[in-house]
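Asks: Let me begin by handing over the structure; questions about it come next.
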DNA sequence: TGAATATAGTTAGGAAGCTAACTAATGATT
DNA sequence: AATCATTAGTTAGCTTCCTAACTATATTCA
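Residue numbers (the numbering used here), protein chains in the order written: chain A, 1 to 173; chain B, 174 to 346.
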């Protein structure tokens with residue numbers, strides 16, 4: 001690989017999809033901004049996503065909690081990761097885990113009283129926080145961003161699913 | 174916290190900034206789609222970001238490599254994380270680390286010959302891959318997304334900086 | 001019914017991110 | 001010049017995410 005070759009490649013290099021780079025940059029920055037915010041309540045962003053899902057389940061009258069796998073599906077996070085997060089939430093007493101009566105394999109996860117209290121406490125300020133994060137964009141721009149990200153997200157899910165089914169049917173390679 | 178109170182809160186709950194949720198969803202999905210792609214070359218997405226930064230440095234004629242701290246700044250990743258990623262890249266022989274002559278504290282990181290080869294190999298297919306990921310959006314939509322994310326990103330950087338300087342000047346609390 | 005298959009969850013092991021606390025070297029101040 | 005402060009990088013220890021491999025329970029179907 002000669003120096004001249006490298007140079008000419010460099011010269012012909014296109015800006016490499018800036019939208020893609022912007023996405024990656026925003027991902028990192030958003031984490032950095034949100035993590036300290038949740039830390040004030042003694043939880044992390046992923047723990048909040050679990051608490052939120054459990055709260056939503058309660059509102060849908062799923063009184064006995066939801067299965068770990070359901071959590072995994074809703075949060076788009078693999079089961080082993082959910083196991084870990086629920087472990088820590090259980091350790092801090094915000095969540096409880098109990099075997100399902102109808103299926104001995106399944107564990108029903110739900111909020112404890114303390115967990116429910118915390119959800120309400122966070123909720124009280126959460127919307128304002130999210131708004132302050134999105135404050136750089138006008139209302140219609142937020143909608144536009146939402147629209148574009150949803151379309152992109154759907155596409156990514158397709159890519160993901162088709163990759164998975166390929167791996168499943170064809171074996172490896 | 175009575176049940177009725179919880180219910181009424183639930184009822185009055187606004188959709189909670191959908192743009193924000195879309196961002197989080199897209200973040201996770203993008204990682205899942207890109208990680209296996211880089212895995213085919215035996216590297217991870219963050220390793221690629223380091224290799225890419227080093228390659229760019231070479232093109233700017235920074236021949237002796239760049240300092241670990243420069244990498245940290247460019248990638249928006251804290252120094253300890255860069256240390257780890259560079260460790261692994263060094264172990265696989267894609268990168269080398271050497272003390273700077275002018276500043277004994279600094280380590281100059283740069284591509285090895287093998288590393289440079291890999292960068293060129295990845296480059297050959299990278300643009301197409303990114304395009305296939307963004308294929309859900311038309312060209313002008315990609316530009317629009319880029320524009321919105323950049324504005325959001327700048328805002329997040331401000332939030333971050335001001336939080337940091339607050340912590341610095343006021344001490345804690 | 002009994003064997004094969006599928007599903008729920010966990011464990012093991014690894015990468016990446018973070019903060020806090022440390023070492024070593026440089027720079028500034030008196 | 002000697003001390004004090006700052007900067008570069010690493011280490012320690014934590015969380016989150018992943019895949020692969022495992023255990024235990026359900027389900028299918030022959």
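Note that the Cβ used here is the ideal one computed from N, Cα and C, for glycine as well.
Could one say the Cβ of residue 242 of chain B lies closer than 8 Å to chain A's Cβ atoms, at least one of them?
Replies: Taking the first residue of the second chain as position 1, residue 242 of chain B is located at position 69. Closer than 8 Å: no.
Asks: Extract the residue ranges of the beta strand (DSSP E) inside the region 225-289 of chain B, only unbroken runs of 3 or more that lie entirely within it.
Replies: As far as the region 225-289 of chain B is concerned, its whole beta strand (DSSP E) runs of at least 3 residues are 268-272 and 280-284.
Asks: Does residue 190 of chain B come out as helix, strand or coil in the three-state DSSP assignment?
Replies: Locating residue 190 of chain B in the second chain gives position 17, where the first residue counts as 1. Three-state DSSP puts residue 190 of chain B in coil, outside helix and strand.
Asks: Given the structure, does residue 292 of chain B come close to the ligand COA, in the sense that its CB is under 7 Å from one of the ligand's heavy atoms?
Replies: As presented, the structure is devoid of all ligands, the ligand COA included, so that no description of it is given.
Asks: Given residue 237 of chain A, which residues of its chain have a CB within under 6 Å of its CB, disregarding the five upstream and five downstream residues?
Replies: The requested residue 237 of chain A is not part of the displayed model; chain A covers only 1 to 173.
Asks: Run through DSSP, which three-state label would residue 305 of chain B get?
Replies: Against the second chain, residue 305 of chain B aligns to sequence position 132. Helix, per DSSP.
Asks: Would you mind sorting residue 198 of chain B into buried or exposed? The rule is 16 or more other CB atoms within 10 Å of its CB.
Replies: Translated into the one-based positions of the second chain, residue 198 of chain B becomes position 25. Under this definition residue 198 of chain B is a buried residue.
Asks: Using only the alpha-carbon positions, how far apart do residue 333 of chain B and residue 103 of chain A sit?
Replies: Walking along the second chain from the start, residue 333 of chain B turns up at place 160. Walking along the first chain from the start, residue 103 of chain A turns up at place 103. Residue 333 of chain B and residue 103 of chain A: Cα-Cα distance of roughly 47 Å.
Asks: Please decide whether residue 61 of chain A counts as near chain B, where near means a Cβ-Cβ distance under 8 Å.
Replies: Here residue 61 of chain A is taken as the residue at index 61 of the first chain, counted from 1. Cβ-Cβ to chain B under 8 Å: no for residue 61 of chain A.
Asks: Are three or more beta carbon pairs between the region 121-136 of chain A and the region 72-84 of chain A nearer than 8 Å?
Replies: The region 121-136 of chain A, when compared against the region 72-84 of chain A, does not touch it at the 8 Å Cβ threshold.
Asks: Does the beta-carbon of residue 42 of chain A have 16 or more other beta-carbons within 10 angstroms, so that it is buried, or is it exposed?
Replies: Here the question's residue 42 of chain A lines up with position 42 in the first chain. Looking at its Cβ environment, which holds fewer than 16 other Cβ atoms inside 10 Å, residue 42 of chain A is exposed.
Asks: For residue 98 of chain A, which of A/143, A/84, A/141 and A/67 has the nearest alpha-carbon?
Replies: Taking the first chain and counting its residues from 1, the one referred to as residue 98 of chain A is at position 98. That would be A/67, whose Cα lies nearest to the Cα of residue 98 of chain A.
Asks: Excluding the 5 residues flanking residue 235 of chain B on each side, which residues of the same chain have their C-beta closer than 6 Å to its C-beta?
Replies: Taking the second chain and counting its residues from 1, the one referred to as residue 235 of chain B is at position 62. Nothing listed; no residue qualifies.
Asks: What does residue 209 of chain B reach in chain A if we use C-beta pairs closer than 8 Å?
Replies: As a working mapping, residue 209 of chain B is identified with position 36 in the second chain. Within 8 Å Cβ-Cβ: 163.
Asks: Quick one, which of A/152, A/143, A/126 and A/88 has its alpha-carbon nearest residue 305 of chain B's?
Replies: Residue 305 of chain B sits at position 132 when you count from the first residue of the second chain. Checking every option, the nearest Cα to that of residue 305 of chain B belongs to A/152.
Asks: Going along the chain, which residues of its own chain have a beta-carbon closer than 7 Å to the beta-carbon of residue 147 of chain A, five neighbours each way excluded?
Replies: On the first chain, position 147 is the one that residue 147 of chain A refers to. Answer for residue 147 of chain A: no residue qualifies.
Asks: Please report the distance separating the alpha-carbon of residue 57 of chain A from that of residue 65 of chain A.
Replies: In the first chain, residue 57 of chain A corresponds to position 57, counting from 1. In the first chain, residue 65 of chain A corresponds to position 65, counting from 1. Approximately 7 Å, taken between the alpha carbons.
Asks: Leaving aside the five residues before and after residue 134 of chain A along the sequence, list all residues of the same chain whose C-beta is less than 6 Å from its C-beta, in chain order.
Replies: Translated into the one-based positions of the first chain, residue 134 of chain A becomes position 134. Counting only Cβ-Cβ distances below 6 Å, and skipping sequence neighbours, we find 142.
Asks: Kindly indicate if chain B contains any beta-carbon less than 8 Å away from that of residue 108 of chain A.
Replies: Your numbering for residue 108 of chain A matches position 108 in the first chain. Answer no: the Cβ-Cβ gap between residue 108 of chain A and chain B never drops below 8 Å.
Asks: Please list, in chain order, all residues of the same chain as residue 327 of chain B whose beta carbon is under 8 Å from its beta carbon, the five residues on each side excluded.
Replies: In the second chain, the residue the question calls residue 327 of chain B occupies position 154. The answer is none, since no qualifying residue turns up.
Asks: Please state if the CB of residue 322 of chain B and the CB of residue 22 of chain A are separated by a distance shorter than 8 Å.
Replies: Residue 22 of chain A sits at position 22 when you count from the first residue of the first chain. Residue 322 of chain B sits at position 149 when you count from the first residue of the second chain. Contact flag set, yes.
Asks: Report the option in B/190, B/207 and B/193 whose CA atom is closest to the CA atom of residue 303 of chain B.
Replies: Here residue 303 of chain B corresponds to residue number 130 of the second chain, with the count starting at 1. Out of B/190, B/207 and B/193, B/207 has the C-alpha closest to the C-alpha of residue 303 of chain B.
Asks: Do residue 258 of chain B and residue 298 of chain B have their CB atoms nearer than 8 Å?
Replies: The sequence position of residue 258 of chain B within the second chain is 85, counting from 1. The sequence position of residue 298 of chain B within the second chain is 125, counting from 1. Contact: no.
Asks: Take residue 268 of chain B as the anchor and find which of B/280, B/285, B/281 and B/290 has the nearest alpha-carbon.
Replies: Counting from 1 along the second chain, the entry for residue 268 of chain B is found at position 95. Minimum Cα distance to residue 268 of chain B is reached at B/285.
Asks: Is there a Cβ from chain B that is less than 8 Å from the Cβ of residue 57 of chain A?
Replies: For the purposes of this step, residue 57 of chain A is taken as the residue at position 57 of the first chain. Not one chain B Cβ lies under 8 Å of residue 57 of chain A.
Asks: Where residue 313 of chain B and residue 279 of chain B are concerned, what is the direct C-alpha to C-alpha distance, given to the nearest angstrom?
Replies: To locate residue 313 of chain B, count along the second chain from 1; it is residue 140. To locate residue 279 of chain B, count along the second chain from 1; it is residue 106. Computed Cα separation, rounded: 43 Å.
Asks: Please name the residue in A/27, A/83 and A/156 whose C-alpha comes closest to that of residue 329 of chain B.
Replies: Position 156 of the second chain, counted from the start, is the residue given in the question as residue 329 of chain B. Of A/27, A/83 and A/156, the residue nearest in Cα terms is A/27.
Asks: Would you say residue 42 of chain A faces chain B, with C-beta separation under 8 Å as the test?
Replies: As a position in the first chain, residue 42 of chain A is number 42, starting the count at 1. No, because no Cβ of chain B sits closer than 8 Å to the Cβ of residue 42 of chain A.
Asks: Can you pull the chain A neighbours of residue 252 of chain B, defined as C-beta to C-beta under 8 Å?
Replies: Here residue 252 of chain B refers to the residue found at position 79 of the second chain. Per Cβ cutoff of 8 Å: no residues; residue 252 of chain B is ~14 Å from chain A at best.
Asks: Does the beta-carbon of residue 288 of chain B have 16 or more other beta-carbons within 10 angstroms, so that it is buried, or is it exposed?
Replies: Reading the second chain from its first residue, position 115 is the one you call residue 288 of chain B. Looking at its Cβ environment, which holds 16 or more other Cβ atoms inside 10 Å, residue 288 of chain B is buried.
Asks: Relative to chain B, which residues along the region 149-160 of chain A have a C-beta separation below 8 Å, given in chain order?
Replies: Against chain B - using a Cβ distance shorter than 8 Å - the residues of the region 149-160 of chain A are 149, 150, 151, 152, 153, 154, 155, 156, 157, 159 and 160.
Asks: Measuring CA to CA, which of B/265, B/282 and B/266 is closest to residue 273 of chain B?
Replies: On the second chain, residue 273 of chain B is found 100 positions in, with the first residue counted as 1. For residue 273 of chain B, the nearest C-alpha among the options comes from B/282.
Asks: Roughly how many angstroms lie between the CA atoms of residue 311 of chain B and residue 263 of chain B, to the nearest whole one?
Replies: Numbered from its first residue, the second chain carries residue 311 of chain B at position 138. Numbered from its first residue, the second chain carries residue 263 of chain B at position 90. Whole-angstrom Cα-Cα distance: 39 Å.
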